[in-house]
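Below: the structure, in structure tokens.
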Amino acid sequence: MITFEPKQHPSIIKVLGVGGGGSNAVNHMFKQGIKGVEFAVCNTDLQALESSPVPIKIEIGDSGGLGAGANPKVGKESAESSIEKIKELLDDEYTQMLFITAGMGGGTGTGAAPVIAELAREMNILTVGIVTLPFGFEGRRRKQQAELGISEIKKHVDALLVISNDKLREQFGNLVLGEAFAQADNVLTSAAKGIAELITVPGYVNVDFEDVRTVIKDSGKAIMGSATAEGEDRAAKAIEEAMNSPLLNDNEIVGATDILLYITAGTDDITMDEITEITNFVQSESGDGAETIWGVGKDETLGDKVGITIIATGFDAVRKDPEPVKTTVGIVGDKSKEETISPVVAEEERSEEVITEIIKVTPKSTETVVDIKQEESKIVHALDKIEESTPKASPTKISKDTSSLIKKTEENYLSIGHTVSSKKEEVETKEQQKEEGNEDGINKNAKERVNKLKDLSINLRSHEKMSELENQPAYVRKNVELDEKDHSSESVVSRYTLGEDSKNQPIIKSDNSFLHDNVD
33 MITFEPKQHP SIIKVLGVGG GGSNAVNHMF KQGIKGVEFA VCNTDLQALE
83 SSPVPIKIEI GDSGGLGAGA NPKVGKESAE SSIEKIKELL DDEYTQMLFI
133 TAGMGGGTGT GAAPVIAELA REMNILTVGI VTLPFGFEGR RRKQQAELGI
183 SEIKKHVDAL LVISNDKLRE QFGNLVLGEA FAQADNVLTS AAKGIAELIT
233 VPGYVNVDFE DVRTVIKDSG KAIMGSATAE GEDRAAKAIE EAMNSPLLND
283 NEIVGATDIL LYITAGTDDI TMDEITEITN FVQSESGDGA ETIWGVGKDE
333 TLGDKVGITI IATGFDAVRK DPEPVKTTVG IVGDKSKEET ISPVVAEEER
383 SEEVITEIIK VTPKSTETVV DIKQEESKIV HALDKIEEST PKASPTKISK
433 DTSSLIKKTE ENYLSIGHTV SSKKEEVETK EQQKEEGNED GINKNAKERV
483 NKLKDLSINL RSHEKMSELE NQPAYVRKNV ELDEKDHSSE SVVSRYTLGE
533 DSKNQPIIKS DNSFLHDNVD
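All residue numbers for the sequence shown refer to this note's numbering, where the first residue is 33 and numbers rise by one.
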């Protein structure tokens, strides 16, 4: 009898941990196990490499295995000097997808991860970065280095998942330091496992590598959520928890162009109504413009639970700011400005000529002359005659004084016109400034309200904040001092009364006639 053994090809997916944080995450993934994935670690620290259980280890740099000293520049140079070692790992006929895990803020991960990502993209490998932001207590310098590292690696990966360690603290509270970093490793593992097993684990409605490539290729920013739920309304609970996961740096999928949705059922198969409920919820949250690729698989270990993994990408494609409208007004040396202004000047000259003619001909002008020079009333009568018989008018009858007077009137009229317009402009400017001030105030108040709502939602996610809200009165949290009040059992009515004795002298009586010990 002839037996055939299937050929075991190397995995098309590799997970590479870079630096201390990334290597620790890959060590955790290796122990947890991800189906159909090959693991590797690279580091400048030889001691950390030797303690790793991962079989494929790459030492990079020329520091003699002593690390990068928290200097991203050293990490970058180490990766560049050992680029052939990394290329040898990736340069085979099977590798089609690479996960790069790194902790941002240190030396090796921050500096070397972008170099490795750039190499993978040049080799046409689908590259996904999964990186962590440092805890707040790790220092400002480390956070600044992390932000620079994220901006650099984002240029060279197809998709980037950013996980905030501070949000882990909000979710799980005041953990022991070792447990806090273990939780970060768990999140990195769930992110890599969630994407990788979409490809490697077959399902009823299968999601293959090309489906994942469609969603992730050149997508830039990506967000991911995963959750499981059981019991009544398990589908609704699972998708809501996956969409509202606080572990990733962002969990709003509004504006995504591509969404990958994978539903996993245990022993209790998922129904069509549950699938409809999940897909409708995703569509309502993402908007009508998102294209959703979905699949359904089975995992007996879930039991009665249902699991959901959602990946949203394509935010950069739809959230580009509109190009500002370019104007040429006020630019020195611009020909278009000169061409635009020149006809305006000509129009102003023509308008001045028209005003001059009106002053010389219309009765309105003569009235203006009378207001200015009342003693020359004869000239006014002469002008009236000229206006009544315009065809017979003779310019010789108007004296030089009259022409100069009219000229002055013309200048005064023009100057008055300019003064009025300038005052109008000043009024409009003040109104605009007032409106802008009001808008600034409204925007400021709106931002304050948004920040308060964000703080409130963050506090509600934390166990410590929730217990504080439940157990501590509001006036204690707000440091409000309350006036002490007498207890209801303590009477404020005195039993003593003021009266007179038989000699009409004032006396204090111990029995209050209005009170009685034995109440009827």
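Ideal Cβ positions, reconstructed from N, Cα and C, are used throughout, including at glycine.
Since the model is a prediction, treat every value here as computed from it, not as a measurement.
Annotated three-state conformation of A228 is helix, per DSSP.
Under the criterion of beta carbons closer than 8 Å, I248 and L158 qualify as touching, at roughly 6 Å. Going by DSSP, E242 is part of the alpha helix (DSSP H) stretching over 241-248. Taking C-beta atoms as the reference points, G137 and K175 count as a pair closer than 8 Å.
Exposure of G68 is indicated by the presence of fewer than 16 other C-beta atoms within 10 angstroms of its C-beta.
If you draw a 10 Å sphere on the C-beta of S251, you find 16 or more other C-beta atoms in it, and that means buried. Following the DSSP letters along the chain, one finds V69 inside the beta strand (DSSP E) bounded by residues 69-75. Beta-bridge partners assigned by DSSP to G531: I539.
Per DSSP, M256 lies in no alpha helix (DSSP H); the unbroken beta strand (DSSP E) holding it starts and ends at 252-261. DSSP places K175 outside any beta strand (DSSP E); the residue lies instead in the alpha helix (DSSP H), whose first and last residues are 172-185. Comparing alpha-carbon positions, the option among I271, E91, R153 lying closest to M129 turns out to be R153. Under the three-state reduction of DSSP output, E323 falls in the strand class. Note on geometry: alpha-carbon atoms of M498 and T529 lie some 55 Å from one another. The residues V328, in chain order, have a CB closer than 6 Å to that of Y236 in the same chain once the five nearest residues on each side in sequence are set aside. For the pair I195 and T164, the CB atoms are nearer than the 8 Å cut-off.
Residue pairing from DSSP leaves I271 without any beta-bridge partner.
For I66, there is no enclosing beta strand (DSSP E), as DSSP gives it neither H nor E. Nearest C-alpha to D123 among F131, L151, T133: L151. For Q315, same chain residues with a beta-carbon under 8 Å away, outside a window of 5 residues either side, are A322, T324 in chain order. DSSP places D290 in the uninterrupted beta strand (DSSP E) bounded by 290-297.
V286: not part of any alpha helix (DSSP H); DSSP gives it neither H nor E. With a beta-carbon spacing of about 6 Å, T345 and A288 fall inside the 8 Å limit used to define contacts. Residue state for A102 is assigned as coil, using DSSP reduced to three classes. The three-state reading of DSSP puts M136 in coil, since its state is none of H, G, I, E or B.
Looking from the CA of K119, the closest CA among G99, I148, P104 belongs to I148. Taking the Cα positions, T333 is about 53 Å away from I474.
Between A270 and A254, the C-beta gap is not smaller than 8 Å, which leaves the two residues out of contact. For A261, same chain residues with a beta-carbon under 7 Å away, outside a window of 5 residues either side, are K269, A270, E273, K337, V338 in chain order. Within its own chain, the residues whose Cβ lies closer than 7 Å to the Cβ of E229, once the five positions on either side in sequence are excluded, are I66, K67, listed in chain order. Between the alpha carbons of A216 and D515 lies a distance of about 48 Å. Annotated three-state conformation of I302 is coil, per DSSP. Ranked by Cα distance from E109, the options I92, G97, L121 are led by I92. F167 and L207 have their C-alpha atoms some 12 Å from each other. Going by DSSP, E91 is part of the beta strand (DSSP E) stretching over 89-91. Around the Cβ of S84, a 10 Å sphere holds 16 or more other Cβ atoms; the residue is buried.
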